[in-house]
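A short write-up of the structure that comes next.
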Amino acid sequence: KTGLFTYDSGFLSTASCKSKVTFIDGDKGELLYRGYPIEQLAENCNFLEVTYLLKNGELPNAKQKTDFERTIKNHTMVHEQLAKFFSGFRRDAHPMAVMTGVVGALSAFYHDAMDFSDAEHRNVSFNRLVAKLPTIVAMAYKYNTGAPFMYPDNELDYTANFMRMMFGNPCEKYVPNPVLVRALDTIFTLHADHEQNASTSTVRLAGSSGANPFACIAAGIACLWGPAHGGANEACLQMLEEIGDVSRVPEFIARAKDKNDSFKLMGFGHRVYKNFDPRATLMRKVCNEVLTELGLQNDRLFKLAMELERIALEDPYFVEKKLYPNVDFYSGIVQKAIGIPTEMFTCIFALARTVGWMTQWEEMITDPEYKIGRPRQLYIGAAKRDVVPLAQRG
Ligand code: SDX
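Using full-length UniProt numbering, the letters of the sequence shown map in sequence onto residues 39 to 432.
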């Protein structure tokens, strides 16, 4: 049973936990946030509306949406001391290493003043993280490139503001392309939450000890970095670059099927989906829109990815094992087209998933049944034995 945690006899053990946030039907390829199909949310809402929905359980009305956007804008800046934190990293440090450190460091700025049994303190922490993650991700990118940090411009909406902090500079006005803004905003929505995946379970487990949410989100970022999880979009693009040409697709399909080869088709397969990941279908549509907007319809990697998908989906191995493209298969191509460098892909994932992590942390911490996580084990080590004095050890 692919269970995770339950509140069985006051302890977390590996089973499955209760949640009202996200529902996945892996066989149907269905994903619901608070009961709404991801396809309808991606089509009709922006990321902050979806953030409001995940956090509060209902979509905002017009006034609630405006008020929430204003609240988030009030928290987009980071403490000037935090900006100095970046200078401790080498310029070529992986941005996910920087994110793990800097987001964890937020604990040093806010933790002491917070009582997380107080709903308003939890609310402020949620808003601070949702508002500051774009600023921190953009700062990690600017630090990596040696360019100056950009302050938020609260005249712009959430995602346009992020793009300006990423791609703008102090010397000229940055006018974000609305098609690219909408595409990136949708990518945020598609990554916002996904039930009890590895990084969300990490955040829940860390939070169950009473650790502050900033430290818990840093733990989630660390877990997400793995190539089997959030690092797959970066790994998928590297795989497509390595394949290089459609003529080499059969070679890599054969490697993916070879039990003696550790190679996995990046962006394919899923612990839960045994059908299309609905996010992959939406991501392919977003990818098409962006490439068309940019006149890149013949993008080499996109064509290679579609051919790889076609061949894999016709291959008996992938059909029998129910391996389909997942959210990471197209996300790297579209992010690269938007101008986001490969090493930043998982940072983008973390930016969006912070909403789901914080929502699930809040759900766990306010559950009257929750206790500190303590998964049990099946001991398969040495039977009980006596210590032999050093002089008698052979
Ligand atoms: C994410 O949990 C989440 O929700 C995560 C996520 C989220 O939003 O938080 O959806 C984000 O992490 C998506 C997954 C991104 N990772 C990748 O794309 C990396 C490539 N995928 C594989 O590493 C793999 O598919 C996993 C790790 C995602 C799932 O692996 P499992 O649990 O082994 O999948 P499975 O049980 O369905 O596998 C069935 C068989 C196994 O072989 P057998 O043991 O039956 O011989 O298929 C094999 C697997 O080894 N297999 C693959 C494969 N994925 C599974 N073979 C080749 N290529 C692949 N990609």
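Cβ atoms here follow ideal geometry from the backbone N, Cα and C, with glycine treated the same way.
Enclosing alpha helix (DSSP H) for residue i [first to last residue]
i      : result
PHE314 : Neither: PHE314 is in no alpha helix (DSSP H) and is coded neither H nor E.
PRO354 : 354-358
ALA266 : Careful: ALA266 lies outside any alpha helix (DSSP H) and carries neither H nor E.
TYR368 : 366-376
CYS55  : Careful: CYS55 lies outside any alpha helix (DSSP H) and carries neither H nor E.
LEU332 : No alpha helix (DSSP H) contains LEU332, which DSSP labels as neither H nor E.
VAL168 : 157-183
CYS274 : 270-281
GLY126 : Taken as a continuous stretch (DSSP letters only), GLY126 belongs to no alpha helix (DSSP H), as it is neither H nor E.
GLN102 : 100-111
ALA221 : 216-229
LYS297 : First-last for LYS297: undefined, no H or E at that position.
VAL140 : 133-148
MET201 : 196-205
GLN398 : 383-403
TYR90  : 85-94
LEU243 : 236-245
ALA80  : 76-82
Span of the beta strand (DSSP E) around residue i
i     : result
THR60 : 60-63
LEU69 : 68-71
Euclidean distance between Cα positions of residue i and residue j
i          : j      : result
LYS422     : LEU389 : 48 angstroms
residue 27 : ALA270 : Not covered by the structure: residue 27. The range shown for the chain is 39 to 432.
ALA350     : PHE340 : 15 angstroms
ALA343     : LEU278 : 7 angstroms
ARG309     : ARG431 : 46 angstroms
residue 19 : GLY142 : For the chain, the structure presents residues 39 to 432; residue 19 sits outside this window and is missing.
ALA146     : PRO186 : 24 angstroms
TYR362     : VAL213 : 37 angstroms
ASN112     : THR89  : 16 angstroms
ALA375     : TRP399 : 33 angstroms
GLU118     : PRO172 : 16 angstroms
GLY95      : CYS325 : 29 angstroms
TYR311     : ALA318 : 11 angstroms
GLY333     : PRO208 : 28 angstroms
PRO316     : GLY305 : 13 angstroms
ARG412     : ARG202 : 43 angstroms
LEU243     : THR330 : 43 angstroms
LEU346     : ASN364 : 13 angstroms
ARG129     : ASP63  : 43 angstroms
GLU280     : ALA198 : 33 angstroms
GLN373     : VAL426 : 60 angstroms
SER285     : PHE314 : 25 angstroms
ILE259     : GLN335 : 33 angstroms
ARG293     : ASP353 : 13 angstroms
LEU194     : VAL357 : 45 angstroms
ASN215     : TYR408 : 45 angstroms
LYS103     : THR109 : 10 angstroms
TYR45      : CYS55  : In this prediction, TYR45 has a pLDDT of 41, which is less than 50 and means its spatial position is unreliable; what the coordinates show is noted afterwards. In a straight line, the C-alpha of TYR45 is about 7 angstroms away from that of CYS55.
Nearest-angstrom beta carbon gap, residue j and residue i [assumed within contact, 8 angstroms]
i      : j      : result
TYR148 : ARG166 : 7 angstroms
ASP231 : PHE85  : The pair is not a contact, with the Cβ atoms about 12 angstroms apart (cut-off 8 angstroms).
LEU228 : ILE76  : 7 angstroms
ALA176 : MET137 : Their Cβ separation, rounded to whole angstroms, is 11 angstroms, which puts ALA176 and MET137 out of contact at 8 angstroms.
VAL393 : VAL241 : Incorrect: roughly 12 angstroms between the Cβ atoms, too far for contact.
Status (buried if at least 16 other CB within 10 Å, exposed otherwise) for residue i
i           : result
LYS93       : buried
residue 2   : A query on residue 2 cannot be resolved here, the shown segment of the chain reaching from 39 to 432 and no further.
ALA429      : exposed
GLU233      : buried
LYS170      : buried
PRO251      : buried
TYR417      : exposed
ASP337      : buried
LYS180      : buried
ARG160      : buried
VAL140      : buried
ILE378      : buried
ILE255      : buried
GLN415      : exposed
PHE301      : exposed
ARG322      : buried
GLY248      : exposed
residue 478 : This structure gives no information on residue 478, because the portion of the chain shown stretches from 39 to 432.
ASN235      : buried
ILE371      : buried
ILE410      : exposed
PRO288      : exposed
TYR71       : buried
THR60       : buried
PRO406      : exposed
ASN182      : buried
THR397      : buried
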